[in-house]
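Engineer:
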Amino acid sequence: MQIQLNGKERDVGEGITVAQLLEELDVRPERVAVLVNQGIVKKPSYASTTIREGDAVEILTVMAGGMEEFR
Amino acid sequence: MTEYTEYKDQPLRFGGREFASRLIVGSSKYPDPPTMQKAWEASGAEIITVAVRRMNLATGGSLLDYIDLDRYTLLPNTAGCYTSEEAIKTSIIAREMGLSDMVKLEVIGDEKTLFPDTAALLEATKILVKEGFIVLPYTNDDPIVAKKLEDAGAAAVMPLGAPIGSGLGIRNPYNIKIILEVVRVPVVVDAGVGTASDAAFAMELGCEGVLMNTGIAGAKDPVTMATAMRYAVEAGRRAYMAGRIPKKLYASASTPLEGMPELI
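Residue numbers (the working numbering), protein chains in the order written: chain A, 15 to 85; chain B, 37 to 300.
1) Can you look up E83 of chain A in the DSSP assignment and give me helix, strand or coil?
2) Less than 8 Å between the beta carbons of A81 of chain B and V61 of chain B, yes or no?
3) Just verifying my parser: in three-state terms, what is the DSSP assignment at I281 of chain B?
4) If we define contact as Cβ-Cβ less than 8 Å, is A78 of chain A a contact residue for chain B?
5) Would you say V32 of chain A faces chain B, with C-beta separation under 8 Å as the test?
6) What are the residues of the stretch 214-237 of chain B that lie near chain D, defined by any Cβ-Cβ distance shorter than 8 Å?
7) Below 8 Å between beta carbons: does that hold for L196 of chain B and G228 of chain B?
8) Give a yes or no on whether 8 Å exceeds the smallest Cβ distance from L93 of chain B to chain A.
9) Counting beta carbon pairs with one atom in the stretch 236-245 of chain B and one in the stretch 271-280 of chain B, are three or more of them shorter than 8 Å?
10) For A115 of chain B and T71 of chain B, I'd like the C-alpha separation in whole angstroms.
11) Mind checking I83 of chain B: buried by the 16 CB within 10 Å criterion, or exposed?
12) Grouping DSSP H, G and I as helix and E and B as strand, with all else coil, what is L54 of chain A?
13) Would you check if the distance between the CB atom of P112 of chain B and the CB atom of F151 of chain B is smaller than 8 Å?
14) Under the three-state reduction of DSSP, which class applies to Y40 of chain B: helix, strand or coil?
15) Thinking E67 of chain A and Q34 of chain A are a contact (beta carbons under 8 Å), I'd like their distance in whole angstroms, please.
16) Is it the case that the Cβ atoms of L46 of chain A and I73 of chain A are separated by a distance below 8 Å?
17) Run through the stretch 54-116 of chain B for me and flag every whole alpha helix (DSSP H) of 4 or more residues, listed as ranges in chain order.
18) Check the Cβ-Cβ distances between V88 of chain B and every residue of chain A, and say whether any is below 8 Å.
Here is the structure:
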């Protein structure tokens, strides 16, 4: 199914959870905050939060402006 | 005769937290990560401001890859937020990451000047204080707003010296002086510092600290500028604590005339 991930289309498995998505992306959960359809998902709920077709998922971390070149 | 005791500085206090360094630095605009890391080290800073942004999922990279969290306290900012709602949500996201309950609260009012929208800033401060945040609001050099922010529970007030990234220095030292008189929380000059004398001047006015990014990161040699800023903040602080001499229009001889011989 298609979702919007950080503003881009992405194909993910049906019924994927936030925890599974992070694992698939090789992202350590402790370093990020996750928003699904603009709502903050608390860390203890990552495993129980299912992403649905068309959902907008944001994976956010600490960044510095102007650091694009060495991210 | 009383014995001379050497001056020892008190720590900078935000909420319940204490910091020996009075210089807070940013993480933007550095030419590369090693320069950034060396500049942080040279600055002696203990607090680094960071932004909350989308992760680059292609690399999985994060600024956290470059920050020793045992050494530095992260101060998430709400840079780029133009409404109190955005700033509040960004603060909550930063806390959700487990980074910090401190926030450098910015609610920008205008793209060109990056001056704060102080009405929205005050509103966001009130809400975030109720949510248990240690709120450090970036504000303009307006004593009335500074007092309102303190009354709303801000742990410090951070007036700009000049617009963000402008390097114009402390444009209205008299307002900063008035702010220092009307609030009891620490006053930290945030933005506008271009060179070491600007930082020293802010501290000589009696500010508790200085926050800067571009002044260091944008210098031709950021690491050497970071060292200069460290000394400037320390020198300004000590000069303030030492108590300067009053300014006078005419000379007053340092050497007494008593005992002068009759030479001709």
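Every residue, glycine too, gets a C-beta built ideally from N, C-alpha and C.
Structural biologist: Looking at the coordinates:
1) If you number the first sequence from 1, residue 83 of chain A lands on position 69. Unreliable placement is indicated for E83 of chain A, whose pLDDT of 39 sits below 50; the coordinate value is still reported in the next sentence. Here E83 of chain A sits in helix by DSSP.
2) For the purposes of this step, residue 81 of chain B is taken as residue 45 along the second sequence, with counting starting at 1. For the purposes of this step, residue 61 of chain B is taken as residue 25 along the second sequence, with counting starting at 1. Cβ atoms of A81 of chain B and V61 of chain B: closer than 8 Å.
3) Taking the first residue of the second sequence as position 1, residue 281 of chain B is located at position 245. I281 of chain B falls in the coil class under three-state DSSP.
4) The residue labelled residue 78 of chain A in the question sits at position 64 within the first sequence. So, interface residue.
5) Counted from its first residue, the first sequence places residue 32 of chain A at position 18. With 8 Å as the cut-off, V32 of chain A does not count as an interface residue toward chain B.
6) Protein chains A and B are contained in the structure displayed, whereas chain D is not.
7) Reading the second sequence from its first residue, position 160 is the one you call residue 196 of chain B. Reading the second sequence from its first residue, position 192 is the one you call residue 228 of chain B. Yes, the pair counts as a contact, with Cβ atoms nearer than the cut-off.
8) Translated into the one-based positions of the second sequence, residue 93 of chain B becomes position 57. True, the Cβ-Cβ gap to chain A drops below 8 Å.
9) yes
10) Position 79 of the second sequence, counted from the first residue, corresponds to residue 115 of chain B. Position 35 of the second sequence, counted from the first residue, corresponds to residue 71 of chain B. If you take the alpha carbons of A115 of chain B and T71 of chain B, they lie about 23 Å apart.
11) Working through the second sequence from its first residue, we reach residue 83 of chain B at position 47. Buried, since its Cβ has 16 or more Cβ neighbours within 10 Å.
12) Counting from 1 along the first sequence, the entry for residue 54 of chain A is found at position 40. The sequence shown places Ile at residue 54 of chain A, not Leu. Note: I54 of chain A maps to strand in three-state DSSP.
13) Counting from 1 along the second sequence, the entry for residue 112 of chain B is found at position 76. Counting from 1 along the second sequence, the entry for residue 151 of chain B is found at position 115. No, these two residues do not count as a Cβ contact at 8 Å.
14) Position 4 of the second sequence, counting from 1, holds the residue named residue 40 of chain B. The answer is coil: DSSP assigns Y40 of chain B none of H, G, I, E or B.
15) Position 53 of the first sequence holds residue 67 of chain A. Position 20 of the first sequence holds residue 34 of chain A. Not really, about 15 Å apart at Cβ, beyond 8 Å.
16) As a first step, residue 46 of chain A must be located in the first sequence, where it is residue number 32. As a first step, residue 73 of chain A must be located in the first sequence, where it is residue number 59. At residue 46 of chain A the sequence reads Val, which differs from the Leu that was named. Their beta carbons are under 8 Å apart, which means V46 of chain A touches I73 of chain A by this criterion.
17) 69-79
18) Your numbering for residue 88 of chain B matches position 52 in the second sequence. True, the Cβ-Cβ gap to chain A drops below 8 Å.
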